[in-house]
Every structure is written in structure tokens, then in C-alpha cells.
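These notes concern the structure reproduced below.
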Amino acid sequence: GALVLYLVGLIDHLLGFGPSVAIPGLIFITLTLLFLIATTILPALQGLVVLPTYLEITLDLPSPCPYKSPQSHAFRRLTAASQRGFQAARWVMAQAQWLIIRIRELLYQVIRLEATQPRLKFVRTSHQLYDFPASLWQCTSWYDFDRSWLSLHDFM
132 GALVLYLVGL
142 IDHLLGFGPS
152 VAIPGLIFIT
162 LTLLFLIATT
172 ILPALQGLVV
182 LPTYLEITLD
192 LPSPCPYKSP
202 QSHAFRRLTA
212 ASQRGFQAAR
222 WVMAQAQWLI
232 IRIRELLYQV
242 IRLEATQPRL
252 KFVRTSHQLY
262 DFPASLWQCT
272 SWYDFDRSWL
282 SLHDFM
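Numbering (this note's numbering), first residue to last: 132 to 287.
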């Protein structure tokens with residue numbers, strides 16, 4: 132919160148010097164704000180794409196998102212507050228991921244890169260495994276979240 136207010140004040144200050152000074156400053160301030168927004172949202176987005184309805188079989192579960200700021204924790208808890216909303220968002224992300232993988236398969240067939248075409252195998256996840264990330268995302272602390280993530284990793 133304080134960083135955002137500081138940057139808004141800095142924008143106001145730079146606007147007094149004219150566009151030749153304000154525009155480069157605005158670019159750097161915008162990049163800083165985009166980085167802040169990304170590091171706040173990325174941990175919650177990871178919960179929407181981990182274990183979708185259809186999985187591309189992999190041996191490794193990705194590492195948890197390393198951005199563990201208080202803002203990202205609050206945003207993650209907010210996104211998981213509504214169980215139905217969280218499951219609906221995960222379903223939409225799963226359909227989008229499935230569509231992207233299918234489009235990728237078609238592109239490989241059109242381009243005819245058989246040697247580099249990934250071997251995809253889809254499985255339908257069990258209902259118990261599908262509900263696990265929702266409970267994982269409702270952990271009250273980053274420590275509990277990491278422990279649950281490791282148990283999910285061991286389950287895979």
C-alpha cells in the first residue's frame with residue numbers, strides 16, 4: 132500500500148516537470164507497479180493451473196510460487212475464500228489449458244515436426260485429487276501452505 136502511494140506521489144511530482152521528464156518516469160513507475168501486481172497475483176494463479184481437470188502427465192509437480200509477500204498471501208486467501216468460485220475458476224482455467232494443448236497438437240501436425248512433437252497423455256483426475264488444491268489454498272500461513280504443497284508433491 133505504501134509503495135503504491137509513494138509512486139502515485141512521485142507521478143504527481145514528475146508531472147510538474149513537463150512531459151520530457153514525466154514520460155520516462157511514468158514508464159519506470161508503471162513497470163514497478165506491474166511487477167508488484169504480478170508478484171501479488173501469481174501465487175493465486177498457480178492454484179488455478181495446478182492439477183486441472185485434464186493433466187499432461189509429468190513426473191514433477193512444479194515448485195510453489197516463491198513470491199510469499201503479505202499481499203500475495205491475502206490475495207491467495209481472498210481467491211480461495213469462496214469454494215464454488217475457486218472451483219469454477221479452476222474449471223475455466225482447465226478448459227483453457229486443454230484447448231491450448233489441443234491447438235498445440237494441431238500446430239505440430241500442420242508444421243509436421245514429428246521429431247519434436249511432445250507425447251501428450253491426458254488423464255481425468257480423481258475427484259479427491261481435484262479438490263485437494265482448494266484445501267491447499269485455504270491454508271492460514273505460508274508454512275502450512277508449504278507443508279501441504281509437499282504432501283501434494285508426495286501424493287503425485
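Glycine is no exception: its CB is placed at the ideal position from the N, C-alpha and C atoms.
Taking its Cβ as the centre, do 16 or more other Cβ atoms sit within 10 Å of residue i, making it buried, or is it exposed?
| i | result |
| --- | --- |
| I168 | exposed |
| R207 | buried |
| A322 | This structure cannot settle anything about residue 322, because the visible part of the chain is limited to 132 through 287. |
Leaving out the 5 sequence neighbours to the left and right, which residues in its chain are closer than 7 Å to residue i when beta-carbon positions are compared?
| i | result |
| --- | --- |
| A220 | L179 |
| L290 | Nothing can be reported for residue 290, as the shown portion of the chain is limited to 132 through 287. |
| C270 | F276, S279 |
| Q259 | Bear in mind that the predicted position of Q259 carries a pLDDT of just 48, short of 50, making it unreliable; the figure below should be weighed with that in mind. If we look at Q259 and ignore the five residues flanking it on each side, it has no Cβ neighbours. |
| L134 | L167 |
| L281 | none |
| G149 | none |
For the alpha helix (DSSP H) holding residue i, just list the boundary residues, first then last.
| i | result |
| --- | --- |
| A133 | 133-146 |
| W222 | 214-242 |
| A205 | 201-210 |
Just to confirm my understanding: we take residue i, look at its own chain, exclude 5 residues before and 5 after, and list those with CB closer than 6 Å. What are they?
| i | result |
| --- | --- |
| T210 | A175 |
| I232 | none |
Thinking residue i and residue j are a contact (beta carbons under 8 Å), I'd like their distance in whole angstroms, please.
| i | j | result |
| --- | --- | --- |
| C196 | Q218 | So it is not a contact: roughly 20 Å between Cβ atoms. |
| S194 | T170 | Between T170 and S194 the Cβ distance is about 15 Å, and since that is not below 8 Å, they are no contact. |
| A153 | L145 | 4 Å |
| H204 | W268 | That pair is no contact at about 11 Å. |
| Y198 | L173 | 6 Å |
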